[in-house]
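Protein chains in written order, with this note's numbering: chain A, 6 to 214; chain X, 6 to 214. In this text, a Cβ means the ideal position worked out from N, Cα and C, and glycines have one as well. Predicted, not measured: the structure shown is a model, and the values here were computed from it. Taking it in order: structure first as structure tokens, then the write-up.
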DNA sequence: CCAAAAATGGACCCGCAAGTCCAAAGCCGG
DNA sequence: CCGGCTTTGGACTTGCGGGTCCATTTTTGG
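Written out as structure tokens, the structure reads:
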């Protein structure tokens with residue numbers, strides 16, 4: 006079925022995905038025309054539809070997956086080794102460095118806001134990315150708890166969720182304000198709070214209507 | 006100049022903006038055609054271009070401003086009166102309730118990801134919204150410091166930035182996962198951390214390369 | 001070296017939706 | 001009640017860009 010790709014074909018397909026991804030990062034999803042991708046990758050319309058029979062839809066989906074994977078890869082090896090405070094801060098620095106460098110050209114932005122609405126599968130890709138990301142953070146917290154660096158009362162799942170939210174929001178605000186301040190603040194305060202090792206995690210009962 | 010609008014004209018213009026906003030919330034920016042807005046608001050193409058000479062661009066900008074204002078209005082009167090812990094939690098509950106109800110239909114999503122790229126001015130609108138939002142939170146923190154409910158060493162600006170980031174990320178994750186967990190976690194942990202009233206805010210020097 | 005299959009190029013089609021235009025109402029002040 | 005405005009309606013134009021098609025070249029396996 007899916008196996009009918011020559012070595013050369015495989016290469017071309019990859020080139021298209023990478024080129025389209027770059028183009029999208031640069032100009033945003035709905036600014037990018039198939040023609041742009043063709044020009045940027047040195048391919049013809051025939052090839053595009055040869056490798057992506059579903060047209061733009063399919064291509065976008067492939068790009069989405071590509072970008073989602075890249076997000077986590079860019080955080081390695083730190084993300085998978087959150088086993089000491091220096092490691093955590095190295096990860097923090099990597100995140101800030103990466104997003105600062107990337108600036109406004111955010112694949113996530115395109116993924117969520119735009120691709121999300123279009124391709125039904127893109128939603129799943131983003132969701133999957135988020136869960137994988139959060140799981141990695143959770144693992145890190147659990148490991149720190151096993152070494153006694155984080156208080157055992159902390160709800161690892163929940164703390165990871167909050168941290169991930171801070172990161173996403175920080176990046177979002179970087180996109181609109183152009184400043185990393187929010188990302189830095191969110192990372193530093195949340196990690197600092199873990200480091201202080203108390204249970205901030207108060208059960209949200211009282212004010213519930 | 007800008008004054009050539011009858012009472013009736015004013016009403017029609019407002020009707021168009023409100024209708025377009027609703028339509029966009031429901032279906033997303035780039036799914037909405039002028040024709041949809043016309044149908045939904047009982048207007049004709051002539052009127053659209055009469056009131057928005059810049060066409061879709063201008064209409065989108067007006068909608069963006071309308072939605073941005075609404076975001077803050079929806080948090081009142083809580084947001085402007087973060088003067089006690091119960092008030093803070095009432096605000097928290099309002100936020101969660103609002104975004105839970107709204108679900109996937111997020112104006113921000115459209116604003117940032119989509120309108121942002123298109124209209125250059127939309128970026129400014131979002132940025133303005135974020136600063137106003139953050140300022141309100143900062144005021145709340147400062148007030149709590151004045152009453153001794155939050156430790157004076159806390160950097161109000163920075164803490165507000167982190168909290169805002171958590172909120173934005175929480176909403177973003179609500180959009181992709183459909184769960185409020187992240188928003189809840191971010192709010193509860195960050196507010197809880199303020200309430201515990203220590204300086205999580207450690208200077209991020211050490212790990213800096 | 002030879003089919004068969006895959007890879008490539010690019011001309012063409014076609015629908016959609018933004019934007020234009022103007023003619024017909026409706027409203028307003030004098 | 002009149003002349004000129006704003007307001008409204010909707011037919012028409014237009015260009016863009018995704019998708020189709022097929023002819024040609026290259027690769028592959030035997």
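Query: Any idea what DSSP makes of residue 51(A), helix, strand or coil?; Result: helix
Query: Kindly list the residues whose CB is nearer than 8 Å to the CB of residue 130(A), restricted to its own chain and excluding five residues on each side of it in sequence; keep chain order.; Result: 66, 69, 70, 73, 116
Query: Would DSSP call residue 43(A) helix, strand or coil?; Result: helix
Query: Report the neighbours of residue 188(X) on chain A: residues whose CB is nearer than 8 Å to its CB, in chain order.; Result: 170
Query: Kindly confirm or deny that the stretch 105 to 114 of chain A and the stretch 43 to 56 of chain A touch, where touching means at least three C-beta pairs closer than 8 Å.; Result: no
Query: Here's the rule: buried if 16 or more other CB atoms are within 10 angstroms of the residue's CB, otherwise exposed. What is residue 138(A)?; Result: buried
Query: Note down, in chain order, all residues in the stretch 136 to 168 of chain A with a beta-carbon under 7 Å from any beta-carbon belonging to chain X.; Result: 163, 164, 166, 167
Query: Do residue 200(X) and residue 96(X) have their C-beta atoms closer together than 8 Å?; Result: no
Query: Determine whether the Cβ of residue 131(X) lies closer than 8 Å to any Cβ atom of chain A.; Result: yes
Query: What's the call for residue 193(X), buried or exposed, on a 16-neighbour Cβ count within 10 Å?; Result: buried
Query: State the start and end residues of the unbroken alpha helix (DSSP H) segment that holds residue 3(A).; Result: The displayed coordinates of chain A run from 6 to 214. Any statement about residue 3(A) would go beyond what the structure contains.
Query: Could you give the residue range of the alpha helix (DSSP H) that holds residue 137(X)?; Result: 125 to 151
Query: Could you check if residue 268(X) is buried or exposed, using at least 16 other CB atoms within 10 Å of its CB as the buried criterion?; Result: Any property of residue 268(X) remains undetermined from this structure, which presents chain X solely from 6 to 214.
Query: Whose C-beta lies closer than 7 Å to the C-beta of residue 162(A) among residues of the same chain, with five residues either side of it excluded?; Result: 143
Query: Looking only at its chain, what residues have a beta carbon closer than 6 Å to the beta carbon of residue 148(A), apart from the 5 residues adjacent to it on each side?; Result: 88
Query: Tell me the rounded alpha-carbon separation between residue 104(A) and residue 176(A).; Result: 7 Å
Query: In whole angstroms, give me the CA-to-CA distance for residue 63(A) and residue 156(A).; Result: 46 Å
Query: Using a Cβ-Cβ cut-off of 8 Å (strictly less than) and excluding sequence neighbours within five positions of residue 133(X), which residues of its own chain qualify?; Result: 73
Query: For residue 185(X), I'd like the list of residues in its chain whose CB is within less than 8 Å of its CB, leaving aside the five on either flank, ordered along the chain.; Result: 101, 104, 105, 175, 179
Query: Could you check if residue 128(A) is buried or exposed, using at least 16 other CB atoms within 10 Å of its CB as the buried criterion?; Result: buried
Query: Strictly below 7 Å CB to CB, what residues from chain A border residue 77(X)?; Result: The contacting residues do not exist; residue 77(X) stays about 15 Å from chain A at best.
Query: What span of residues does the alpha helix (DSSP H) with residue 158(A) cover, start to end?; Result: Unbroken run through residue 158(A): none, as it is neither H nor E.
Query: Grouping DSSP H, G and I as helix and E and B as strand, with all else coil, what is residue 88(X)?; Result: coil
Query: Give the interface partners of residue 191(X) over in chain A, defined as CB-CB distance under 7 Å, in chain order.; Result: 167, 170, 171
Query: Could you check whether the Cβ of residue 175(X) sits closer than 7 Å to any heavy atom belonging to the ligand HEM?; Result: Annotation note on the ligand HEM: not contained in the displayed structure, which lists no ligands.
Query: Is residue 21(A) buried or exposed, if buried means 16 or more other CB atoms sit within 10 Å of its CB?; Result: buried
Query: By a C-beta neighbour count over all protein chains shown, 10 Å radius and 16 as the cutoff for buried, is residue 78(A) buried or exposed?; Result: exposed
Query: Less than 8 Å between the C-beta atoms of residue 135(A) and residue 84(A), yes or no?; Result: no
Query: Taking just the CA atoms, how far does residue 167(X) sit from residue 153(X)?; Result: 21 Å
Query: Candidates 159(A), 151(A), 140(A), 99(A): which alpha carbon is nearest residue 188(A)'s?; Result: 99(A)
Query: Report the neighbours of residue 41(A) on chain X: residues whose CB is nearer than 8 Å to its CB, in chain order.; Result: Result: empty, since nearest Cβ-Cβ is about 15 Å, beyond 8 Å.
Query: Indicate the three-state DSSP secondary structure (helix, strand or coil) for residue 110(A) in the structure shown.; Result: coil
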